[in-house]
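Below is one structure, written out as structure tokens; the observations come after it.
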């Protein structure tokens, strides 16, 4: 780009204004500068008034021409004269004056509300358009004197076409012009509309090209601009396709000495390197929102550089790196890399920082990373559980929802390990979590309930929760509509209902009815976890059969869910049916609802989870009436025999139980024998599980009895003949 040359008078006038903005520092005296500035303002106001009058004339002409051509129903209709408005419920009419005069007063009111800075910024943009190279640099410097982070000033730049000019300047060879343009773009790109406009104007490739410049300051400003603009999805794609990610990764390569030296002890060169790394980290944080970008960042070698930057003593460098880690932690390859590079210990170290932002990003990073056993053990060995619980305890951070979400989420993930739960028990975690159940943020409560659900897998924590009054708070939350919260609630209440004393409280609170109502939820995860929670609730209730029958439409709802296409829902519902059908009256009702026909439709599955619970449901339902014979007629025997080929012992247990019940019918025994079930049953007899042994032995007994009766029958026939 060649910067357009303007007149010498314009340049001198602009330099006078620059001197005025600089508190009178220059060759002219203060009074002379003040006089020039006032004269300059008067001239511009006069010019602005003339332009406004010309616009008014144009509008009148347009209205005059359009009045005859446009329909009265069109939104663009202009009215040159007066119009009559008929007011309903009144016998009189009201005459309204011409809208032309009204619009003129609106324009004046609108102008009165706009601050003077708006027009001053637009004047500077005009000078950038018309001025030469020196005038452009001076105008850009003047622009930097205004707060471009406010919306009205951002609009001032956009309304007059300043974005096109600023993006165009990025093509020039003058580094000072490019630096000035980037410094303005960095501030105004905080506005989402301006970000999109920069992308539409083709600014991303130009900014990416600047990342290859020799000037560190220029590269820093380019990265800072990308950090804002790349919050737009299309911008992230353009940076990737233009090769910007490897360049940004290279900007993170700063020596450990610089990272661990206090800011006041660094020289100018080291400071430039540090600021460049910070800007690159911020840009990569924005870029890491894209799945494709994460993989390219990993291949570009970002992991060891992030591990080094985590050791920095500079908070503003660590925060964007921590943010990038938490975004990338969703990728399994990144999770492994984060663990192998030893980042967990450094993340835990930053949890002790005084910076709430750093604590927030650190706890959220652990929340995203602690999906595997190794990472959870590393958090415990690095003493990371203590600061997380301390955050939960601190009442001063209750208003910082993002920090609470991160800390509660990290505890939730870490509590999946038994060793971590034991450590958390010593910190009295449950007592600190119960008050948070009354928080006004669904995300906070979701993570808190998730942590409780993991802890109450152990009997001692069920007692602590019960004594702390947590059960009533959990049941009250069942009326929520937040699906992730309902999933965790169902898990927590499922564990609590296995404790007889807790179950008594849940019955008194009518919790079973509320859990059952979750089956109507449209979210499949809520349905599945609610169905699983029903099993121990029915099993441990005082009058389980009567409890189920007292819920109107409960069994119909369960049977109806067997039409679901979600495997997890089908598995959970089968488990619930297996529990409900243990009561003979309930089994009769289920049989009337044709449950065995719906179960028979599911037998041709290869999912072990569904096989396990489906076989259990068939075992419970086969004993009523002629269900055994009907299941044989529906050709369910051979598919169920094939379940014994699974490697899951739990599938062997329930399959053996189902086959034992089905073998009560002679025809089913024949089909089993023909399907080659005997070797598998013999193997199950040698199982370490007592239920599997007994069921397999019972099935073999039934098959053997049928064979003996057949032998006796054949011998009797031979004797007769």
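Numbering (the numbering used here), first residue to last: 4 to 724. Even glycine gets a Cβ: it sits at the ideal position worked out from N, Cα and C.
Between the Cα of residue 253 and those of 208, 241, 307, spot the shortest distance and give me the residue it belongs to.
Scanning 208, 241, 307 for the CA closest to the CA of residue 253 turns up 307.
Please classify residue 229: is it buried, with 16 or more other beta-carbons within 10 angstroms of its beta-carbon, or exposed?
Buried.
Check the C-beta distance from residue 496 over to residue 514 and give it rounded, since I have them as a contact under 8 Å.
Right, their Cβ atoms sit about 6 Å apart.
To the nearest angstrom, how far is the alpha carbon of residue 69 from that of residue 163?
Bear in mind that the predicted position of residue 69 carries a pLDDT of just 42, short of 50, making it unreliable; the figure below should be weighed with that in mind. Using only the alpha carbons, I get a separation of about 27 Å.
Short CB-CB distance (under 7 Å) between residue 289 and chain B
The chain inventory of the structure shown lacks chain B, comprising one protein chain alone.
Which of the three DSSP states, helix, strand or coil, is assigned to residue 153?
Under the three-state reduction of DSSP output, residue 153 falls in the coil class, being neither helix nor strand.
Does the distance from the CB of residue 409 to the CB of residue 356 come in under 7 Å?
Residue 409 is not a Cβ neighbour of residue 356, given a cutoff of 7 Å.
Using the beta-carbon count (16 or more within 10 Å), is residue 338 buried or exposed?
Buried, since its Cβ has 16 or more Cβ neighbours within 10 Å.
How about residue 582 and residue 548: do their beta carbons lie closer than 7 Å?
Using a Cβ distance threshold of 7 Å, residue 582 and residue 548 do not count as a contacting pair.
Between which residues of its own chain and residue 78 is the CB-CB distance below 7 Å, once the five residues before and five after are set aside?
Because residue 78 carries a pLDDT of 33, less than 50, the predicted location of this residue cannot be relied on, and no value is offered for it.
When you compare only the Cα positions, how much space is there between residue 734 and residue 505?
Examination of residue 734 is not possible in this model, given that the chain is present from 4 through 724 alone.
Indicate the three-state DSSP secondary structure (helix, strand or coil) for residue 384 in the structure shown.
It is helical.
Does the distance from the CB of residue 173 to the CB of residue 184 come in under 7 Å?
With respect to residue 184, residue 173 sits close: the two C-beta atoms are nearer than 7 Å.
Starting from residue 655, follow the alpha helix (DSSP H) in both directions and report where the run begins and ends.
Per DSSP, residue 655 belongs to the alpha helix (DSSP H) from 652–665.
Residue 296 beta carbon near the ligand SAM (any heavy atom closer than 6 Å)
This structure simply doesn't include the ligand SAM, nor any ligand for that matter.
Assuming the contact rule is C-beta atoms closer than 8 Å, residue 391 and residue 413 should be a hit. Round their C-beta distance to whole Å, please.
So it is a contact: roughly 5 Å between Cβ atoms.
Residue 585 to residue 623 span [Cα, whole Å]
Distance between the alpha carbons of residue 585 and residue 623 is about 6 Å.
Taking the alpha-carbon positions, what's the residue 669 to residue 559 distance?
Taking the straight line from one Cα to the other gives about 32 Å.
Just curious, the alpha helix (DSSP H) that residue 186 is in, first and last residue?
Here the alpha helix (DSSP H) through residue 186 covers 178–191.
Can you tell me where the alpha helix (DSSP H) with residue 400 in it begins and where it stops?
Per DSSP, residue 400 lies in no alpha helix (DSSP H) segment and is marked neither H nor E.
Quick one: grab the DSSP three-state call for residue 676.
The answer is helix: DSSP assigns residue 676 an H, G or I state.
Return the CA-CA distance between residue 265 and residue 317, expressed in angstroms with no decimal places.
Whole-angstrom Cα-Cα distance: 8 Å.
How do the region 278–297 and the region 233–251 stand: do at least 3 beta-carbon pairs fall below 8 Å, yes or no?
Three or more pairs of CB atoms, one per stretch, sit closer than 8 Å, so the region 278–297 contacts the region 233–251.
Please determine if the region 627–635 and the region 666–684 are in contact, where contact requires at least 3 C-beta pairs separated by less than 8 Å.
Verdict: yes, contact present.
Within the region 534–614, note down every full beta strand (DSSP E) run reaching 3 residues or more, in order along the chain.
Unbroken beta strand (DSSP E) stretches of 3 residues or longer found wholly inside the region 534–614: none.
Neighbourhood of residue 106 by C-beta distance below 6 Å, restricted to the same chain and skipping five residues each side
Unreliable positioning characterises residue 106 in this predicted model, as indicated by a pLDDT of 47, which lies under 50. The coordinate reading is nonetheless provided below. Within its own chain, no residue has a Cβ closer than 6 Å to the Cβ of residue 106 once the five positions on either side in sequence are excluded.
How many angstroms separate the CA atom of residue 656 from the CA atom of residue 695?
About 5 Å.
In three-state terms, what does DSSP make of residue 325?
In this structure, residue 325 counts as helix in the three-state DSSP scheme.
Option in 400, 256, 234 with minimal Cα separation from residue 195:
Among 400, 256, 234, the Cα nearest to that of residue 195 belongs to 234.
Do residue 557 and residue 550 come within 7 Å of each other at the CB atom, strictly closer than that value?
Not a contact, by the Cβ cut-off of 7 Å.
Which residue from 641, 665, 596, 637 puts its Cα closest to that of residue 619?
The alpha carbon of residue 619 has as its nearest neighbour, out of 641, 665, 596, 637, the alpha carbon of 665.
Inter-residue Cα distance where the pair is residue 286 and residue 598
Using only the alpha carbons, I get a separation of about 57 Å.
8 Å Cβ shell around residue 180 - same chain, five flanking residues per side excluded:
Contacts found: 6, 136, 139, 140, 143, 172.
When the distance is taken between beta carbons, is residue 427 closer than 7 Å to residue 452?
Using a Cβ distance threshold of 7 Å, residue 452 and residue 427 do not count as a contacting pair.
Restricting to Cα atoms, I'd like to know which of 572, 570, 563 is closest to residue 601.
Selected option, being the one with the closest Cα: 563.
Residues of its chain near residue 533, where Cβ-Cβ distance is below 6 Å and the 5 sequence neighbours each way are ignored
Within the same chain, and ignoring the five residues on either side of residue 533 in sequence, the residues whose Cβ sits closer than 6 Å to its Cβ are 493, 518, 521, 522.
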